[in-house]
Amino acid sequence: MTTVLVSIELTPSGDVRPGLADLVAHARSIGSPVGVVTVAPGDSASVTERLGAFGLAEVLVAESAAVGAADAEPRVRALVAAAAARNPTAVLIANTVRGRDVAARVAVRLDAGLLLDIVGLHAEGKRVVGEHSVFGGAYLTASTAGDRMTVATVREGSTGEQPSPVTASASALEIDDTTVPTAVITEATEHARRSERPELRTAERVVSGGRAVGSAEGFELVERLADALGAAVGASRAAVDAGYISQDHQVGQTGVSVSPELYIALGISGAIQHRAGMQTAKTIVAVNKDETAPIFEIADFGVVGDIFTVVPALIAEVEARR
Amino acid sequence: MTGSYGADETSVELATGLREFFNEHCGLDRVRAAWSDGSLDLALWGEVAALGFTGALASEEVGGLGVQPEDLVLAIEEIGYSGASLPLVDTAAVVVPIIERYGSAEQRASFLPGLISGERIAASTVMFGGDRAMFAAEADVLLLERDDCLHLLDRRQFSTVEVHSPDPASRLARVSVESSVLSDATRLAAGATDDARGRAVWAASALLNGVSRRMLEMTVDHAKTREQFGRAIGSFQAVKHLIADAWVAMESSRPCAWYAAHACSQGLADAAAAASVAKASASDAARVVGDSALQVHGGIGFTWEHPLHFWMKRGKLLEHAYGSRGFHLRSLGAAMRDDQQGSDAVFPGL
Amino acid sequence: MKIITLVKQVPDTWSERRLDPETGRVDRAVSEAVIDEISERAIEAALALKDADKSTTVTLLTMGPAGALDALRKGLSMGADDAVHIRDDALQGADVTITSRVIAAALLRRPWDLVIAGNESTDGRGGVLPAMLAERLGVASATGLDSFELTGGAAGGDLVGRRSADGVDEVLRLGFPSVVSITERMPDARFPNFRGILGAKKKPVEVLTAADLGLTDLHPAVSVVSVAERPPRQAGTRIIDDGSAAAALADFFASRRLI
Amino acid sequence: MSALTETTLDVATWRDEVRGWLKAHLPADLTEPGALTGPEALHRRRAWERELYDGGYAAIHWPKEYGGRGMGAAHRMIFQEEYERIGAPPRLNIQGLMLVGPTLMEHGTDAQRQRWLDAILRCEQVWCQGFSEPDAGSDLASLRTAARIEGDRYIINGQKIWTSGATYADWMFALVRTNPEAPKHRGISAVLIDMRTPGISVRPIRQINGRGTFSEVFFDNVEVPVANTIGAVDDGWNVAMGALLLERGIGRRSYVKYVPLLRTLSSLTTSTGAGRDGAALEELGTHVMQVSKYRHHVGRTLAESSNGAFGPEASLNKLFWSEMEAALYESGMKLLNDLSALSDDSAVLDGYGRWEAEYWHARATRIFAGSNQIQKNIIAERVLGLPKEKR
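Protein chains in written order, with UniProt numbering: chain A, 1 to 322; chain B, 1 to 350; chain C, 1 to 259; chain D, 1 to 391.
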C-alpha cells in the first residue's frame, strides 16, 4: 500500500478539527493514511492519543517551539520532512484558510501538483485523481497531477463518514528550526460556541435567513426553527451585510458551501451566488413572500408566504409531532 | 474630440463609471423614496457632484474637468436610465458652461466654485417651458431667460411657487422675479441665449433617451419572464413587434443626441437643427417606448407599486419640457422651408 | 512604501457561469468579464495606505488576455499609479503553478515592500496563489485578513493584520517585504471619479510576455481529466400560504423522514 | 473616428477627391430626368460603369488584391454620399459588386474568383439575384427550384420571381435545392447561372406602379456545371445568409439621397401655401427628423464598426429607411392631392406620374430583402433575446 500523508490541523487550544475524518477517509481510498502533526514541545503523547479516534493508526509528530507562534511554517516543514522520509503518493490537507496556506507552500517546496478543494479521490493506475464540485455542484470535474506527487486540499464534510477508532502509534519527526520570514501569531482566540448547534460546514440540516428577516432580533426566528430541527444556522450575504448575523454563517459563493440533507431558506431570494453554496442540498425548502424569487426554481417545496406567520406555525407543528 | 456618435472611449468610460455608481447608490428603493417624499436627495446630489459630474464641462482653470459635451452625453443618458431625481443636467450641461463662457468675472467668481463643487444647486428656465423650472424651489442659483436674454440670479433674487409635475420626484416651480432685480449685473453676455438653448435641448434629449432605455429594458425583461398560455409572452409575434418598434425608435434617437452634443461642442452650422432633431426624436421614442412598455407589462404596469411608472412619468415630463415634439418639428419644417438655396442650417455641405 | 496589488478579471458573478466541457476551465465567453470584486477591495486597501501616506505608490499587476486591460484601467481610475499586464496567449488556461511562477517572476523585476491580493477569486476559489507567491519569493505571508494596519511608519515597521477564519480569531504580525491577502470584510472599493477616469488613460501600463520574464518551459502541474455537468434542479411543489402552509410543510418533512 | 465629421485629413481629402472626380467625369445629361429611359439607357449605364472602373471607383470597398481599394465603411459611405449628392445614376451592377463579388471572395475557389471577379468589376457581366420563389418569400428556405446532379452538371427546373434586372443580366446568383431529402436549410446550394443557357426564359412582371423592373425567371432542364457552385454543395444556406447581411447592411444608401426629396416636399409645401400651416410644417419637420435620424444611425453604425463592435443594426437599417421612404412619398401624395390639376406641371414636380410611381415603389421596399415584419422578428430575437415563437 502506498502512503498518504494527512496533515492534522489543531485549534489554538489543541483540539483536532473534526474535518480530519474526511481527510482520513479520502486517504484510505488510495492508500494508507499517515498523520503528520506539529505540537509544542512535550505535547506529543496527548495529541497522539486523540488521533486514534479518527482512524489514524500511524502518526508522525514534530515538536517545535514555534507552534502557536509562527503561522504556517512549522506544519509546512513537518510535511516536507515527512514527505522526504516516507515518499507518499499524496499529501492531504484540510481546505481551510490555514490549510490552504500550508498546501500552497508545501506544493512549491516539493514541486508537487496541487489539487484544490477536492470532494473525492481515487487512483487510476499510478495517477491520483481528485474530484471537485464546481459552481455549487453544477459541475463535477476530475483532475490529476499525473506523475508528480499530489498535494490536495480536502473539503471538510465531503465524506460524511464516521471513522472507526484505532490505537494510534506515534514516531517523532525531526524538523529544523532555521528561520525563514514568517508571520507571527500574537493573539489567537477560538470562537465561543454559542449553542449546541451543529457546525454549519458539516451540518446535516441547515436553516438560513435572508434580508427579509428584517433585523438581528428577527433572526431569532431562524434560530428557533434551526433548534427545533436540530439544524445549523446559515444566512445569505444580504443578511450578513445588513448586520443581522456574523459573517461565519454566510452560505454561498463567498461564504461556506454546504451540502446538507435538508436546507431551509427563509426570506432568501436565491441570488446565483447564494445558490452556488447550497444547491447540492438533498432537499431544499423555501419560504418567501415574493413568488418570483429565484429560490423557488430549485426548491423541492416552496411556500409563498410571510416567514413571520409561516415559521412560528411550523415550529409549533414540528414540536407537536415530535 | 471626435466622438460625435458617442462611441468615443472617454464618453463610454465616464458613462460606465456613472452607471456603476448608480447601480450601487441609486437602487429602486432610493428612486422610490424620492417619489414618496418628493424632497431632493441632497446626499445623492453631493455624491454625484463629488464624482466630478457638475464640473465636467467647466475648464480645468476654474476647477472643472474640461471635457466636451460629446464626452458627457452618454453619462447624461445614464442619469435618465438610473431614475435619479436630481437637477444635474441643468446644472452641469447648461448653467456651469454658460456662466463660464458668458459670465462676467464677478459672476464667474461668485457662482462657479459652489456649483462645480456641488455645494450649490442650479435651476434653469431655459427652454424648459415658460417661467417654470425643475427644482427651482430647492435651487441656490437660477438661470433665467427673459426677453431673449439670460440672467443669473442667486436665491435672494427670485421666489418660487410650486406647480404640478407629472413626475412627483421632479418638482416644478414657477419662478417670479421683481423687474428691478434684472440689470446689467445679472445679465450674461450676448450669445448666451442661443448657446444655452442648444445645450438644454441636447442634454434633455440624452436624458430622455436614458429614460426610454430603462423602460425598454424593463419591458424586454418582463416579456422574457412573464408567461401566459404556458409560454413567455415575448415569444408572441404581436408582442415582439411592439417591442421591436420601440427599440428602433429608441436606438435611432440616441445617436441624434450624441450628434447634437458634438455639433454644440464644435459650433457646427446645423447645431440648432441637430438639437431639434434630437429632442423631437427623443420625445417620439419616449412616447413609443412608454406605450409599448405599458402595453407589454399589462395590468402590473398600471399599478403604483410597479416601478415602471417612475420612468414613464419622467419620460412624459421630459417629452413636453425643453420644447415639445411639435415645437421642434415645426422649427425643423421652417428651417427646411427657408433652406431652399442650400444653406448649412439643416444639412451642411449639401 | 511601494505596494503591488494583484488584480484579476473574472466572469461577472451575476450571470450564469459555465465550464467549458472540453477543458474544464471557466467558459469566459458566456458572461461579461469584470474586475473581481475582491481585487477592487485589494486596490482599495492599497489606496487607503496611499491616502494616509502620499509617498506610497500603488502598482497593479494582472495576468490575462487583452481584455484584462479594462480591469487595470478600472484600478488606475480609482487612483493606482501604474500597472503591469502580463499578456501572453501561451498563458491562456494556466494552472496555479504556472500562474504563481509567472507572477513571481514579474514581481522580481521591480522593488516592492508589500503585495496585496484578494483571498480568493470568484471564479477560481483556490485561494492559494498569495501563499504560493510568498513561498516562491521567500517572504512572509498572511492570508485571509479582515483588516490590517501598518505600525511604526513606512520604514522598519510591521504590518499587523486580523483574521477570523475556521472558528479562530487571530492577530498576525509580519515585516516587509511580504504578501498579504484580504477578505471581503475589508472596506468596499471607492468609485472612480471622473477625474480618475480621465487620468487613467495617461498612466503607464507595462505589457510583458512570458518570454520577457525569461520563462519558456511552462507546463501545467495539473490537468483536467473529465468534466460532467449535473442536470439542473427542478422546481418541486409550490404553495401559497393560506394559513395551512405550516402543516403542509410539516407533512412534507414527515414524508421525507426529516421529522 | 466617425465618418461624417471629417476631422482627419484622410477622410476630408477623400471627399474632395470623390467630389472632384464625379464633377469632372459624370456626363451632365445623365443626371437629368428621363436620361435613363429608352433603348439607349442600358448602353449608357454600362458606359458609366466602365468610366467608374477606369477611374478606380468601381468597387472601392473590395480588397486591393481583387482590384478594389480596400476601403472601410466610412470611406465607402462618403463615396455614396457624394455619388448621391451629384445625382449620379443608380449602379447597374449592384448585385455583382455588393453581393456576388464579396461572396466569391469569402466562399469561392481561386478559379472561380479569376473567372468572375474582374468581369464584375469591369461591368462586363451584369448580375441578378435568384433567391425568391413564388412559395418562398420571407420563408426563403422553402425554395423548391430543383437542381439534380448528372455527372458534372446540374439539371435545373423551377421558377424564380421578383428578380431585379433579369431582363438584361448576364448571370444569376441563384439558390437551388440540391437535396430534397435533407432538412430544408441543409439541402440548398448557391449556384452561378449563365442567363444565356438554353432553357431559361424571363418574363417581366408588370408591377402596380406600371413598371417592369422585376421579372419571373423560368428554368426548364437548364444545364449548369457543378463547378459553378459557391461553397460546398448543400451548404448554400450559410453562403446566402452572409450575402443577405451584406444586402441589408450599411453602405448602400446614404441620407443624401433623401435630401432632394425633402426639398421637393418643401417646395410643394410652399407652393400650396401649406407652409403657413403649422400642421404642414410639422409634417415636413417630421421628414427632416427622419432623414437626420437615418444619417446619425448610419454614422453611429460606422463609428461602432470601426471600433470593432459591428452590431445588429443591419436590421434596423433596412427597416428604418424603407419606412421613412414610404412615409416621405405618402406626404407628397397628400400634398399632390390638392394639386391634381397641376399633375403635369414640371415646374412644381417632375411629373405627378413619376412621383406616383415612386410612391408605389416605396411600398415595395417594405417587402423586399426580408419583409419589415421579418426584420422586427430578427430585432426581437437576435438583438433583444426574446424567445422564438413556437411554430
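Every residue gets a Cβ at the ideal spot worked out from N, C-alpha and C, and that includes glycine.
Practice task
Let me know the beta strand (DSSP E) ranges lying completely inside the stretch 150–223 of chain C, each 3 residues or longer, listed in chain order.
Solution key: 158–165, 168–174, 178–182, 205–208
Practice task
Measure the alpha-carbon distance for residue 243 of chain C versus residue 209 of chain A and round it to whole angstroms.
Solution key: 21 angstroms
Exercise for the section: Decide yes or no for the touch test of the stretch 227–245 of chain D against the stretch 102–114 of chain D: beta carbon pairs closer than 8 angstroms, at least 3 of them. Expected result: yes
Practice task
Taking C-beta pairs closer than 7 angstroms, name the residues in chain B that residue 193 of chain C reaches, listed in chain order.
Solution key: 50, 51, 52
Problem - Unbroken alpha helix (DSSP H) run spanning residue 73 of chain D, endpoints - result: 73–86
Handout entry: Terminal residues of the beta strand (DSSP E) in which residue 150 of chain B lies
Key = 149–154
Handout entry: residue 282 of chain D versus B:327, B:261, B:311, B:262, residue with shortest Cα-Cα distance
Key = B:327
Problem - Local conformation of residue 227 of chain B per DSSP, three classes - result: strand
Exercise for the section: Just the C-alpha distance for residue 139 of chain A and residue 133 of chain A, rounded to the nearest angstrom, thanks. Expected result: 6 angstroms
Handout entry: Residues that residue 259 of chain D bridges to, as DSSP identifies them
Key = In the DSSP output, where bridge partners are listed per residue, residue 259 of chain D has none listed.
Handout entry: the ligand NAD heavy atom lying under 7 angstroms from the CB of residue 52 of chain B
Key = Here there are no bound small molecules, and the ligand NAD is not part of this structure.
Exercise for the section: Tell me, please, whether the CB atom of residue 12 of chain D is closer than 8 angstroms to any CB atom in chain B? Expected result: no
Practice task
Mind listing, in chain order, the continuous beta strand (DSSP E) runs of no fewer than 3 residues lying wholly within the stretch 200–272 of chain A?
Solution key: 205–209, 232–235, 262–266
Problem - the stretch 136–170 of chain B: positions lying closer than 9 angstroms to chain C by Cβ - result: none
Exercise for the section: Determine, using beta carbons only, whether residue 163 of chain D and residue 128 of chain D come nearer to each other than 8 angstroms. Expected result: yes
Handout entry: CB contact flag (residue 144 of chain C, residue 181 of chain C, <8 angstroms)
Key = yes
Exercise for the section: Take residue 275 of chain A and list the residues in its own chain whose beta-carbon comes closer than 7 angstroms to its own, dropping the five residues that flank it on each side. Expected result: 136, 298
Practice task
Using a Cβ cut-off of 8 angstroms, pull out every chain A residue sitting near residue 63 of chain C, in sequence order please.
Solution key: Within chain A, no residue comes near residue 63 of chain C; the closest Cβ sits about 17 angstroms away, beyond 8 angstroms.
Problem - Contacts of residue 140 of chain C in chain A (Cβ-Cβ under 7 angstroms) - result: 181, 182, 183
Exercise for the section: Helix, strand or coil for residue 48 of chain A, going by three-state DSSP, please let me know. Expected result: helix
Handout entry: Test: residue 381 of chain B CB closer than 8 angstroms to a CB of chain C
Key = Because chain B in this structure spans residues 1 to 350, residue 381 of chain B falls outside the shown range and cannot be described.
Practice task
Closer than 7 angstroms by beta-carbon distance: list the chain B residues that pair up with residue 74 of chain D, in chain order.
Solution key: By Cβ distance, chain B contributes nothing, its closest Cβ being about 11 angstroms from residue 74 of chain D, past 7 angstroms.
Practice task
For residue 10 of chain B, go through chain C and note every residue whose CB falls closer than 9 angstroms to its CB, in chain order.
Solution key: 197, 198, 201
Handout entry: Proximal chain A residues relative to residue 170 of chain C, where beta-carbon distance stays under 7 angstroms
Key = 185, 187, 188
Exercise for the section: For residue 289 of chain D, decide whether its Cβ has a neighbour in chain B, counting only Cβ atoms nearer than 8 angstroms. Expected result: yes
Exercise for the section: Kindly say whether residue 303 of chain D, judged by its beta-carbon, lies nearer than 8 angstroms to any beta-carbon of chain B. Expected result: yes
Problem - residue 158 of chain A versus residue 118 of chain A: straight-line alpha-carbon distance, rounded - result: 8 angstroms
Handout entry: Every unbroken beta strand (DSSP E) within the stretch 88–134 of chain B, with a cutoff of 3 residues, ordered by chain
Key = 122–124, 132–134
Handout entry: Interface flag, residue 274 of chain A vs chain C, CB-CB below 8 angstroms
Key = no
Problem - Straight-line Cα distance separating residue 221 of chain C from residue 97 of chain C - result: 6 angstroms
Exercise for the section: Tell me whether the beta-carbon of residue 244 of chain A lies closer than 8 angstroms to the beta-carbon of residue 206 of chain A. Expected result: no
Exercise for the section: Determine the DSSP secondary structure at residue 128 of chain D, reduced to helix, strand or coil. Expected result: strand
Problem - Residues within the stretch 106–117 of chain B neighbouring chain C, beta-carbon criterion of under 7 angstroms - result: none
Problem - Inter-residue Cα distance where the pair is residue 152 of chain A and residue 71 of chain A - result: 20 angstroms
Practice task
Quick one: using the 10 Å Cβ neighbour count with 16 as the cut-off for buried, is residue 232 of chain C buried or exposed?
Solution key: exposed
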